[in-house]
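In our numbering, the protein residues as written are 81 to 523.
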């Protein structure tokens with residue numbers, strides 16, 4: 081190529097030969113992939129072989145998907161651009177206009193908005209279950225048009241824990257999938273698929289990545305779709321497909337068996353709606369996963385120590401942490417979460433007059449913190465704090481906020497891997513400022 085022009089050479093000159101094997105996952109930061117021969121392109125578009133375009137498939141992304149499926153005990157995983165994309169794609173692969181979802185009330189506000197504002201416009205309705213312990217309430221909410229049950233393993237704000245085996249049994253009786261958002265617990269603490277759930281979603285931006293640097297989401301499927309039993313509820317999974325030139329082809333269920341749900345999400349929903357993850361983000365999520373157990377173990381231990389300390393403080397009205405014996409789901413947590421109780425929870429301040437604290441008390445508290453970072457995130461190696469009533473839950477009425485465990489003086493913390501003593505000291509000093517009680521003494 082030496083006789084070719086400068087512009088041509090700067091684009092096309094590169095080393096020949098097979099690249100060496102890297103120990104770390106290589107980053108295939110490319111929009112598309114070359115075809116080695118003419119027939120290879122036809123084979124890809126006709127049979128799905130190989131790689132053509134990163135929106136459809138990428139080796140870096142697939143490496144992380146393989147790891148996630150293995151950690152959750154699933155058959156396959158699908159990595160997406162955000163946790164919100166994971167929830168959306170998982171459900172859009174199951175529901176259509178006229179269908180219905182049954183969901184726990186105790187879910188991320190972004191998911192609630194998705195159900196209320198967006199899915200409703202598509203003709204998909206949602207029934208919310210307030211008393212998530214009531215298995216009969218879940219059962220009675222199911223209609224002929226219900227196509228999914230949805231809940232979080234450990235919920236936002238009130239730190240509620242769902243009885244996954246009990247609700248999974250309800251879903252199984254009706255032939256519909258139970259989808260669990262496992263972001264707060266991570267597969268290190270609980271694996272919902274092993275407890276009977278059908279689909280798991282994650283905001284990979286949180287604990288999986290672990291450092292607050294990238295966005296990502298994931299769907300992991302159990303691979304237990306039963307076309308013979310449940311295909312009538314999901315006709316798009318069992319209907320004949322289309323081959324080249326519009327010829328008849330096998331259905332997704334015939335091609336992929338128990339993986340029909342995630343195959344449809346991968347082939348028909350994600351590439352068409354387009355929430356494609358960057359290969360660089362996939363690499364960083366994969367790097368984070370390599371230390372997931374170490375971080376979550378440390379974060380959970382720190383959180384328990386901090387929650388126990390807060391629970392004994394006169395400045396604190398209540399602590400909603402499932403690791404405390406007084407929490408309504410503690411007995412269930414002892415069974416489902418033997419490796420730790422997670423690291424995200426809420427607590428409510430008292431005012432200087434003795435009642436529950438208000439916005440001013442919370443403001444003084446947050447502004448006095450030095451080790452905790454004030455930001456909208458969780459699952460970071462650093463400890464974080466947020467005031468839900470003025471941020472994530474600001475658009476709910478006071479009554480609805482209260483029903484979710486969010487009072488004017490409620491603060492959510494995500495505990496990191498710092499030294500626990502430093503976290504307690506930071507909280508103690510902030511409590512002293514916020515409640516005007518003088519210098520708090522660290523117990």
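Backbone N, C-alpha and C define an ideal beta-carbon position, used for all residues, glycine too. Owing to the predicted nature of the structure, the values given are computational and were not obtained by experimental measurement.
Spell out the partners DSSP gives residue i in its beta bridges.
i, result
"residue 392", "DSSP output for residue 392 lists no bridge partner at all."
"residue 206", "181"
"residue 299", "158 and 281"
"residue 353", "Its beta-bridge partners do not exist; DSSP assigns none."
"residue 112", "133"
"residue 399", "427"
Starting from the C-beta of residue i, find all residues in its chain whose C-beta is less than 7 Å away, skip the five residues before and the five after it, and write them out in chain order.
i, result
"residue 105", "140, 143, 363 and 366"
"residue 409", "240, 241 and 402"
"residue 289", "296, 364, 365 and 368"
"residue 170", "259, 279, 281, 299 and 345"
"residue 309", "255"
"residue 189", "472 and 473"
"residue 249", "276"
"residue 359", "107, 108, 109, 134, 138, 140 and 141"
"residue 470", "439"
"residue 323", "329"
Beta-carbon separation of residue i and residue j under 7 Å?
i, j, result
"residue 485", "residue 442", "no"
"residue 472", "residue 423", "no"
"residue 302", "residue 272", "no"
"residue 320", "residue 307", "no"
"residue 191", "residue 226", "no"
"residue 425", "residue 413", "no"
"residue 449", "residue 506", "yes"
"residue 454", "residue 461", "no"
Have a look at residue i and residue j and give me their C-alpha separation to the nearest angstrom.
i, j, result
"residue 513", "residue 132", "59 Å"
"residue 463", "residue 94", "46 Å"
"residue 100", "residue 107", "14 Å"
"residue 456", "residue 292", "10 Å"
"residue 222", "residue 92", "59 Å"
"residue 204", "residue 314", "15 Å"
"residue 338", "residue 155", "9 Å"
"residue 110", "residue 136", "12 Å"
"residue 482", "residue 332", "45 Å"
"residue 117", "residue 163", "37 Å"
"residue 262", "residue 268", "10 Å"
"residue 98", "residue 115", "16 Å"
"residue 294", "residue 112", "22 Å"
"residue 285", "residue 134", "20 Å"
"residue 377", "residue 389", "19 Å"
"residue 210", "residue 152", "27 Å"
"residue 81", "residue 102", "Only weak support exists for where residue 81 lies, its pLDDT of 48 falling under 50; the value from the coordinates is given anyway. One C-alpha to the other measures close to 29 Å."
"residue 493", "residue 341", "35 Å"
"residue 149", "residue 270", "14 Å"
"residue 214", "residue 476", "24 Å"
"residue 316", "residue 202", "17 Å"
"residue 84", "residue 90", "10 Å"
What does a CB cutoff of less than 8 Å around residue i pick up in its chain, not counting 5 residues either side in sequence?
i, result
"residue 206", "180, 181, 182, 183, 195, 196, 199 and 200"
"residue 146", "157"
Given residue i, which residues of its chain have a CB within under 6 Å of its CB, disregarding the five upstream and five downstream residues?
i, result
"residue 418", "none"
"residue 235", "186"
"residue 383", "423 and 495"
"residue 229", "182, 251 and 258"
"residue 172", "349"
"residue 522", "Its pLDDT being 40, under 50, residue 522 is placed unreliably by the model, and the measurement read from it follows with that caveat. So the list reads 504, 505 and 508, once near-sequence residues are dropped."
Give the range of the beta strand (DSSP E) segment to which residue i is assigned.
i, result
"residue 221", "No beta strand (DSSP E) contains residue 221, which is instead part of the alpha helix (DSSP H) from 215 to 221."
"residue 228", "226 to 232"
"residue 464", "464 to 466"
"residue 261", "258 to 261"
"residue 425", "424 to 429"
"residue 494", "490 to 494"
Where does the unbroken alpha helix (DSSP H) through residue i begin, and where does it stop?
i, result
"residue 477", "From DSSP, residue 477 is part of no alpha helix (DSSP H); its letter is neither H nor E."
"residue 363", "359 to 369"
"residue 252", "244 to 254"
"residue 89", "86 to 92"
"residue 440", "439 to 448"
"residue 339", "Careful: residue 339 lies outside any alpha helix (DSSP H) and carries neither H nor E."
"residue 316", "315 to 318"
"residue 168", "163 to 172"
"residue 515", "500 to 515"
"residue 406", "Element bounds for residue 406: n/a, residue is neither H nor E."
"residue 143", "139 to 152"
"residue 99", "Neither: residue 99 is in no alpha helix (DSSP H) and is coded neither H nor E."
"residue 411", "410 to 416"
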